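Engineer:
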């Protein structure tokens, strides 16, 4: 394995990680809520289906708007990264649906368990992250070494 030094961005990555940590810390300190994206999206969708007078609805909406605005704001500082994949769209859609299903069964996603749960010392989040990471490692191994895809 080699590092592509021309695209190695440790400072941007560090800054992005600090912003994620700050946002997660502010949400839990000011609102008492975990910054899990699947829970936030699920809460907003649930409110659309069965309206509930949540005070959290505005916070959830603002959090998601911030996530959506991050990509366009990136263009102010860096050129737009070009995605490169030869994966069929159907595989991407199926993968996205499976991830969504997994977050419902796992009681959260990597942002909720990985960023917030692990930092709080949650054993449940540690187990969930071990499953997420183990599944990812196994998938990469099978795709690269068993099926021969790069």
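Numbering (our numbering), first residue to last: -9 to 140. For glycine and all other residues, C-beta sits at the position ideal for the given N, C-alpha and C. Since the model is a prediction, treat every value here as computed from it, not as a measurement.
1) Around the C-beta of residue 3, are 16 or more other C-beta atoms found within 10 angstroms, so that it is buried, or is it exposed?
2) Which residues in the same chain have their Cβ closer than 7 Å to the Cβ of residue 104, if we skip the five residues on either side of it in sequence?
3) Since I believe residue 10 is in contact with residue 18 (beta carbons under 8 Å), could you give me their beta-carbon distance rounded to a whole number of angstroms?
4) Go ahead and label residue 60 buried or exposed: buried means 16 or more other beta carbons lie within 10 angstroms of its beta carbon, across all protein chains shown.
5) Distance check for residue 106 and residue 91, CA to CA, integer angstroms please.
6) On a CA-only basis, which of 116, 131 and 57 is nearest residue 14? Give me that one, please.
7) Report the option in 20, 71 and 67 whose CA atom is closest to the CA atom of residue -3.
8) Taking the alpha carbon of residue 139 as the point to measure from, which residue in -8, 77, 53 and 94 has its own alpha carbon closest?
Structural biologist: This is what the structure holds:
1) Counted from its first residue, the chain shown places residue 3 at position 13. Counting Cβ neighbours within 10 Å, residue 3 comes out exposed, since fewer than 16 surround it.
2) Sequence index remark: in the chain shown, residue 104 carries index 114 (1-based). For residue 104, where only same-chain residues beyond five positions count, the Cβ hits under 7 Å are 119.
3) As a position in the chain shown, residue 18 is number 28, starting the count at 1. As a position in the chain shown, residue 10 is number 20, starting the count at 1. 13 Å between Cβ atoms; not a contact.
4) Residue numbering aside, residue 60 sits at position 70 when the chain shown is read from its first letter. Exposed, by the Cβ-count rule.
5) Numbered from its first residue, the chain shown carries residue 91 at position 101. Numbered from its first residue, the chain shown carries residue 106 at position 116. Those two C-alpha atoms are separated by around 20 Å.
6) What you label residue 14 is simply residue 24 of the chain shown in a count that begins at 1. Taking only the C-alpha atoms, the option nearest residue 14 is 57.
7) Counting from one through the chain shown, the residue named residue -3 turns up at place 7. Among 20, 71 and 67, the Cα nearest to that of residue -3 is on 71.
8) Taking the chain shown and counting its residues from 1, the one referred to as residue 139 is at position 149. If we check each option's Cα against that of residue 139, 77 comes out closest.
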